[in-house]
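All remarks here apply to the structure that follows.
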Amino acid sequence: MNLFRLFGDLSHLASIIILLQKIRSTRSCRGISFKTQALYATVFITRYLDLFYDWVSLYNFTMKVFFIASSCYILYLMRYKYRPTHDPSIDTFRVEYLLGPSAVLALLFHYRFTVPEVFWSFSIFLEAVAILPQLFMLQRTGEAETITTHYLAALGAYRALYIPNWIYRYFTEDMVDPIAVTAGIVQTALYLDFFYVYFTKVLQGQKFELPA
Amino acid sequence: PVEMKRHDEL
Numbered sequence: 002m003n004l005f006r007l008f009g010d011l012s013h014l015a016s017i018i019i020l021l022q023k024i025r026s027t028r029s030c031r032g033i034s035f036k037t038q039a040l041y042a043t044v045f046i047t048r049y050l051d052l053f054y055d056w057v058s059l060y061n062f063t064m065k066v067f068f069i070a071s072s073c074y075i076l077y078l079m080r081y082k083y084r085p086t087h088d089p090s091i092d093t094f095r096v097e098y099l100l101g102p103s104a105v106l107a108l109l110f111h112y113r114f115t116v117p118e119v120f121w122s123f124s125i126f127l128e129a130v131a132i133l134p135q136l137f138m139l140q141r142t143g144e145a146e147t148i149t150t151h152y153l154a155a156l157g158a159y160r161a162l163y164i165p166n167w168i169y170r171y172f173t174e175d176m177v178d179p180i181a182v183t184a185g186i187v188q189t190a191l192y193l194d195f196f197y198v199y200f201t202k203v204l205q206g207q208k209f210e211l212p213a
Numbered sequence: 180p181v182e183m184k185r186h187d188e189l
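So the sequence lines, in the order shown, correspond to chains A and B.
Counting from 1 along the first sequence, just add 1 to a position and that's the residue number in our numbering.
Counting from 1 along the second sequence, just add 179 to a position and that's the residue number in our numbering.
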């Protein structure tokens, strides 16, 4: 464990807490893509199959359980409790375009050809692009509530912090995880546009609005 | 460098 990874994980944790806070305080899931949230639940469930047979640490175990539980809870909130506040007509990204290629890539690139390992690869590729329905929705509506942008910023920071973590591990532990690194760089790159607007507008006290 | 043998990251 190094500080980059620790702060990355904490940022991930913070993003989920911000999202729950957004839903609770506005009593609405307006502006949140159900599809992205469903993809994240899929990512965690397919990645953490090792929960049942591989013990890493109490930290690792607790985080995995938290990510699976919170992502399912968010789906429940969106699907049932605050259902009327979600507008499916603007959440129109075709998730087949993400699920299909992720499955193909997982079959081509994995560390071992076993069910949990192929699912692990699948979850890595899927996570890299799972934010796209959310960013697509943002692009369509052209604006976002400030708290929603804080959620996205924390999520993006988590991904960004994993990159120095890998560089650090490469030098200190002589370790490299080519699948996670490649997908992680793609994933972080997807946030660049968002970060630009976040830093130049939201952090200057303005509303998140995309130019028309 | 060695490839990651087990998945200890989240």
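Every residue, glycine too, gets a C-beta built ideally from N, C-alpha and C.
Subject >> Buried versus exposed, by CB contacts within 10 Å (16 or more), residue 3 of chain A >> reply: On the first sequence, position 2 is the one that residue 3 of chain A refers to. The residue in question, residue 3 of chain A, is exposed, as its Cβ has fewer than 16 Cβ neighbours within 10 Å.
Original post:
Can you name the start and end residues of the alpha helix (DSSP H) that residue 96 of chain A belongs to?
Top reply: Locating residue 96 of chain A in the first sequence gives position 95, counting from the first residue. According to the DSSP assignment, residue 96 of chain A belongs to no alpha helix (DSSP H), since it is labelled neither H nor E.
Original post:
Could you give the residue range of the alpha helix (DSSP H) that holds residue 58 of chain A?
Top reply: By one-based count along the first sequence, residue 58 of chain A stands at place 57. Bounds of any alpha helix (DSSP H) do not take in residue 58 of chain A, whose DSSP letter is neither H nor E.
Subject >> Where residue 61 of chain A meets chain B, residues with beta-carbon distance less than 8 angstroms >> reply: Walking along the first sequence from the start, residue 61 of chain A turns up at place 60. Against residue 61 of chain A, the close residues of chain B are 187, 189, in the order they occur along the chain (beta-carbon pairs closer than 8 angstroms).
Subject >> Check whether residue 17 of chain A and residue 151 of chain A have beta carbons under 8 angstroms apart >> reply: Against the first sequence, residue 17 of chain A aligns to sequence position 16. Against the first sequence, residue 151 of chain A aligns to sequence position 150. Result no, Cβ atoms of residue 17 of chain A and residue 151 of chain A do not sit closer than 8 angstroms.
Subject >> Same chain, Cβ closer than 7 angstroms to residue 105 of chain A, neighbours up to 5 away in sequence not counted >> reply: Here residue 105 of chain A refers to the residue found at position 104 of the first sequence. Residues of the same chain with a CB within less than 7 angstroms of the CB of residue 105 of chain A, apart from the 5 flanking positions on each side, do not exist.
Original post:
Using Cβ-Cβ distances below 8 angstroms, what residues of the segment 99-113 of chain A are close to chain B?
Top reply: Here the close residues are 112.
**OP:** Can you tell me which of A:132, A:72, A:9, A:31 puts its alpha carbon nearest to the alpha carbon of residue 86 of chain A?
**Re:** Taking the first sequence and counting its residues from 1, the one referred to as residue 86 of chain A is at position 85. The residue from A:132, A:72, A:9, A:31 with its alpha-carbon nearest to that of residue 86 of chain A is A:31.
Subject >> Own chain, CB closer than 7 angstroms to residue 39 of chain A, minus 5 neighbours either side, in chain order >> reply: Numbered from its first residue, the first sequence carries residue 39 of chain A at position 38. The residues are 76.
**OP:** Determine whether the Cβ of residue 181 of chain A lies closer than 8 angstroms to any Cβ atom of chain B.
**Re:** Counted from its first residue, the first sequence places residue 181 of chain A at position 180. For residue 181 of chain A, the answer is yes, since a Cβ of chain B falls inside 8 angstroms of its Cβ.
Original post:
Helix, strand or coil for residue 8 of chain A per DSSP?
Top reply: Within the first sequence, numbered from 1, the residue matching residue 8 of chain A stands at position 7. Taken through DSSP and simplified to helix, strand or coil, residue 8 of chain A comes out as helix.
**OP:** State yes or no: is the beta carbon of residue 6 of chain A nearer than 8 angstroms to at least one beta carbon in chain B?
**Re:** By 1-based counting over the first sequence, the position of residue 6 of chain A is 5. Residue 6 of chain A counts as touching chain B.
Original post:
residue 121 of chain A to residue 108 of chain A, Cα distance in whole Å?
Top reply: Counted from its first residue, the first sequence places residue 121 of chain A at position 120. Counted from its first residue, the first sequence places residue 108 of chain A at position 107. Each residue's alpha carbon lies about 11 angstroms from the other.
**OP:** Pull up the distance between the alpha-carbon of residue 66 of chain A and that of residue 147 of chain A, whole angstroms please.
**Re:** Sequence index remark: in the first sequence, residue 66 of chain A carries index 65 (1-based). Sequence index remark: in the first sequence, residue 147 of chain A carries index 146 (1-based). Residue 66 of chain A and residue 147 of chain A: Cα-Cα distance of roughly 29 angstroms.
Subject >> Per-residue contacts from residue 121 of chain A into chain B (C-beta, under 9 angstroms) >> reply: Here residue 121 of chain A refers to the residue found at position 120 when the first sequence is read from its first residue. Residues of chain B whose Cβ lies closer than 9 angstroms to the Cβ of residue 121 of chain A are, in chain order, 186.
**OP:** Measure the Cβ-Cβ separation of residue 193 of chain A and residue 5 of chain A and say whether it is below 8 angstroms.
**Re:** Position 192 of the first sequence holds residue 193 of chain A. Position 4 of the first sequence holds residue 5 of chain A. Not a contact, by the Cβ cut-off of 8 angstroms.
**OP:** Tell me the start and end of each unbroken alpha helix (DSSP H) in the segment 103-168 of chain A that is at least 4 residues and wholly inside, in chain order.
**Re:** Taken in chain order, the whole alpha helix (DSSP H) runs of length 4 or more contained in the segment 103-168 of chain A are 116-130, 133-142.
**OP:** Look at the Cβ atom of residue 37 of chain A, then the Cβ atom of residue 125 of chain A, and state whether they are nearer than 8 angstroms.
**Re:** To locate residue 37 of chain A, count along the first sequence from 1; it is residue 36. To locate residue 125 of chain A, count along the first sequence from 1; it is residue 124. Taking the C-beta atoms as reference points, residue 125 of chain A is found no nearer than 8 angstroms to residue 37 of chain A.
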